[in-house]
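Report on the structure given below.
Protein chains: 2
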Amino acid sequence: MKEVTLKQIAENLGISITTVSKALKDYPDVSKKTKALVKKEAKKLHYTPNVFAVNLRTKESKTVGLIIPEVVHHFFSSVINGIIEQAEKKGYLVIILQSNESYKLEKKQIDLLISKRVDGIMISLANTTVDISHLQDVKNMNIPLVMFDKISKLVDCTKVIIDDRQAAYLATKHLIDSGCKKIAHFRGALLPQNSIDRFLGYKKALEDHGFEYDPSLIYICERVNYEEGRESAAQLLEDHDDVDGIFCITDLVAVGAIAVFNERGIKVPDDISIMGFSNWFVSSAITPSLSTIDQPGYEMGKTTFKMLYKEMKAKKNEEAITSETRVLDTAVIKRNSTR
Amino acid sequence: MKEVTLKQIAENLGISITTVSKALKDYPDVSKKTKALVKKEAKKLHYTPNVFAVNLRTKESKTVGLIIPEVVHHFFSSVINGIIEQAEKKGYLVIILQSNESYKLEKKQIDLLISKRVDGIMISLANTTVDISHLQDVKNMNIPLVMFDKISKLVDCTKVIIDDRQAAYLATKHLIDSGCKKIAHFRGALLPQNSIDRFLGYKKALEDHGFEYDPSLIYICERVNYEEGRESAAQLLEDHDDVDGIFCITDLVAVGAIAVFNERGIKVPDDISIMGFSNWFVSSAITPSLSTIDQPGYEMGKTTFKMLYKEMKAKKNEEAITSETRVLDTAVIKRNSTR
DNA sequence: TTCGCATCCGAAAACGTTTTCGATTTTTAA
DNA sequence: TTAAAAATCGAAAACGTTTTCGGATGCGAA
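Quick mapping for you: the protein sequence lines, in order, are chains A and B.
Okay, so the first sequence: first residue is 1 according to this note's numbering, each after it adds one.
Okay, so the second sequence: first residue is 340 according to this note's numbering, each after it adds one.
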């Protein structure tokens, strides 16, 4: 029942630990004969190297950290999916932490990951994060860092994002093209970059097409959920009777809005068109199915890890790591909630 | 820029490494004065222990593994949420792996976690898993193991589950109580235990209430998704014109079915009642909102980790670890898809 | 024979921590 | 004052691996 170590094998074979170690790693200065011998014995004893010792010696953990605002979220869980798949392929394991949209937690978790000596960190920022010194710390300690989706422009590191502004522009344009004359926007909280960008895209689209921007058509959904979609829709119905299009920051908000319109006999899209954002898989299942922007979560996860991997490799080879921003493609998905 | 170690502190203070180590861990054989001195110096230099060395020495990683069939799934991501929250609270980190419902991958991942020397493993089995020797291995190596949700009765370890059979019984009974006369069941694949149990619960409820079990009313949804819900509903409409109730293995399947009925002008619940399973948060957002069984994912994650923690502590104290099965409560949630 | 050159092997240090056990000093009791 | 007890400290081993560097061996060529 004892742990089997290099020493064990060495003793069994009457050779040194050194030779065993080198044989297993195919060093050129071990004869083919002893290599075969050692490997056979290792297999026989089911030898697996003690990672703790390997970590200590090599100063690597082959483990990366991932901090995400909310795990229970279709987009983010798609990202997780992409990341862990890609990581496993490259022999890395992923430690997942959830910031719960809290800056304080996020900071603590960064420290935790650093103290666990992960080889790299991937993060999507909490909405409440403004101070970015904890991320600067990561960079200063020369730990590879990649931000995705919810990023901060203030941190110099590689980023994987979509062009929220452009996507929102296209979403709004799609409403305009389909004949909407008065378009509201259910936006997210004021701080997060993507909430800002989507708002700006919306505004720009209006201006470019001869609409005047009307602040009273903006509704804020702090928590970006179904309930807020409902509330905003209800409020909108009180405030305005001539809005014929809504661009929602997220599908979930849009679904809430559609539910309210359905209940009140307001026809979507005949009376009012609804545009979502994310292409949550449920969006095609509701009635009417939701027109939206496809936001490639799985893809984002995949390239996020790939970027991180590149940096980790560069660091190992003592090459300089250069920050890079990768922008993923989005697409307008036309369904039945818009004309 | 050098790493700060115990040695560093010791040299600065002109004392031994031993004393520094003990001072930081409040050993009783270090004077208050030197303790204060050491702690001050440690703080000044931002000392953090090298986990690699600690791991090697203590043979613990303070890390646990989690294998899940699919990350992108509301129920499972709720479980993940519960687990990582609880784990962090106890100072453990969680490595998440995804088996993609593949036995082969699952087995490989178990080996991976073992080789990473995690302190414990939590797993929800892949649908295709029948051979359980890899889990037996885990037990044999004396690594704490907890199975949740999709378990195998053949493995002797602690388990956290719901009473699928009982819950399905109540779901079916609810349909019966609300006046349904002919009740179909959209079940899952044949192998997984919870698919079997829900089917058995359905059958038992029928028998207990004077219904005769009719195999032609059973539809199999292999992949348990929206599309299969649609297909099964469409098929049902061809096969039978007098079914007035359906118990679906999962909300997603139920949502697919409802969509078909909505499209074809079949009224839910007036013409046909639909019962789901899981209480996916979308279920309350669709029209009509879905009656279902509440399956507490977050709670399950929480107690799964707690159970694991208990075992890990027991192992450390060299107490015997006794397997235990914890059954969590479910509840019938009545909404508008049933009368 | 001797030198040079491969080829093959192993001693030993290093990674940074924890913990045992003995040594030294200080305090207390007689 | 002295012996015993308590308080405080440190040397050293151990965890299991990786890697450097020097040593041994064998072989062919000079």
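We put the beta carbon where it would ideally sit given N, CA and C, even for glycine.
Interface flag, residue i vs chain A, CB-CB below 8 Å
| i | result |
| --- | --- |
| R562(B) | no |
| T387(B) | yes |
| F698(B) | Outside the modelled stretch of chain B, which goes from 340 to 678, sits residue 698(B), for which no answer is possible. |
| F586(B) | no |
| T643(B) | no |
| T626(B) | yes |
| N618(B) | no |
| Q347(B) | no |
| G595(B) | yes |
| I434(B) | yes |
| Y565(B) | yes |
Proximity of residue i and residue j at Cβ, strictly below 8 Å
| i | j | result |
| --- | --- | --- |
| A42(A) | I9(A) | yes |
| I632(B) | V594(B) | no |
| I613(B) | V607(B) | yes |
| K401(B) | G421(B) | no |
| I68(A) | F76(A) | yes |
| V499(B) | F487(B) | yes |
| A544(B) | K492(B) | no |
| I490(B) | S534(B) | no |
| T158(A) | V146(A) | yes |
| I460(B) | V494(B) | no |
| S278(A) | V411(B) | no |
| G524(B) | L575(B) | Position check: residue 524(B) holds His in this sequence, whereas Gly was assumed. Taking 8 Å as the Cβ cut-off, H524(B) and L575(B) do not qualify as a contacting pair. |
Residue i (DSSP reduced to helix, strand or coil)
| i | result |
| --- | --- |
| L575(B) | helix |
| F76(A) | helix |
| S612(B) | strand |
| H174(A) | helix |
| L556(B) | helix |
| I348(B) | helix |
| M347(A) | Given that chain A is displayed from residue 1 to residue 339, the structure contains no residue 347(A) and the question cannot be resolved. |
| D583(B) | coil |
| S617(B) | strand |
| A362(B) | helix |
| S438(B) | coil |
| G595(B) | helix |
| F211(A) | coil |
| I422(B) | helix |
| A670(B) | strand |
| D470(B) | coil |
Neighbour flag for residue i against chain B, beta carbons, 8 Å
| i | result |
| --- | --- |
| Y92(A) | no |
| T5(A) | no |
| V332(A) | no |
| G120(A) | no |
| R117(A) | yes |
| Q98(A) | yes |
| V282(A) | yes |
Close beta carbons around residue i, own chain, < 6 Å, minus the five adjacent residues each side
| i | result |
| --- | --- |
| G568(B) | V592, G595, A596 |
| A572(B) | A596, V599 |
| Q109(A) | I67, L97 |
| V343(B) | L384, Y386 |
| A167(A) | I293, T330 |
| V390(B) | none |
| Y508(B) | G540, K543, A544 |
| L444(B) | S438 |
| S360(B) | L345 |
| G584(B) | L514, C519, I522, S612 |
7 Å Cβ shell around residue i - same chain, five flanking residues per side excluded
| i | result |
| --- | --- |
| E399(B) | D458 |
| S102(A) | A126, T128 |
| E566(B) | G595 |
| I266(A) | I272 |
Residues of its chain near residue i, where Cβ-Cβ distance is below 8 Å and the 5 sequence neighbours each way are ignored
| i | result |
| --- | --- |
| N564(B) | L591, V592, G595 |
| P288(A) | I258, V268, P269, R335, N336, S337 |
| D476(B) | I449, I453 |
Closer than 7 Å, Cβ to any Cβ of chain A: which residues of the segment 370-399 of chain B, in chain order? Listed in sequence order: T387, V390, F391, A392, N394, L395.
Pull out every residue of the segment 72-92 of chain A whose Cβ sits closer than 8 Å to any Cβ of chain B, in chain order. For the segment 72-92 of chain A, which is checked against every Cβ of chain B, the residues closer than 8 Å are V72, H73, H74, S77, S78, I80, N81, I84, E85, E88.
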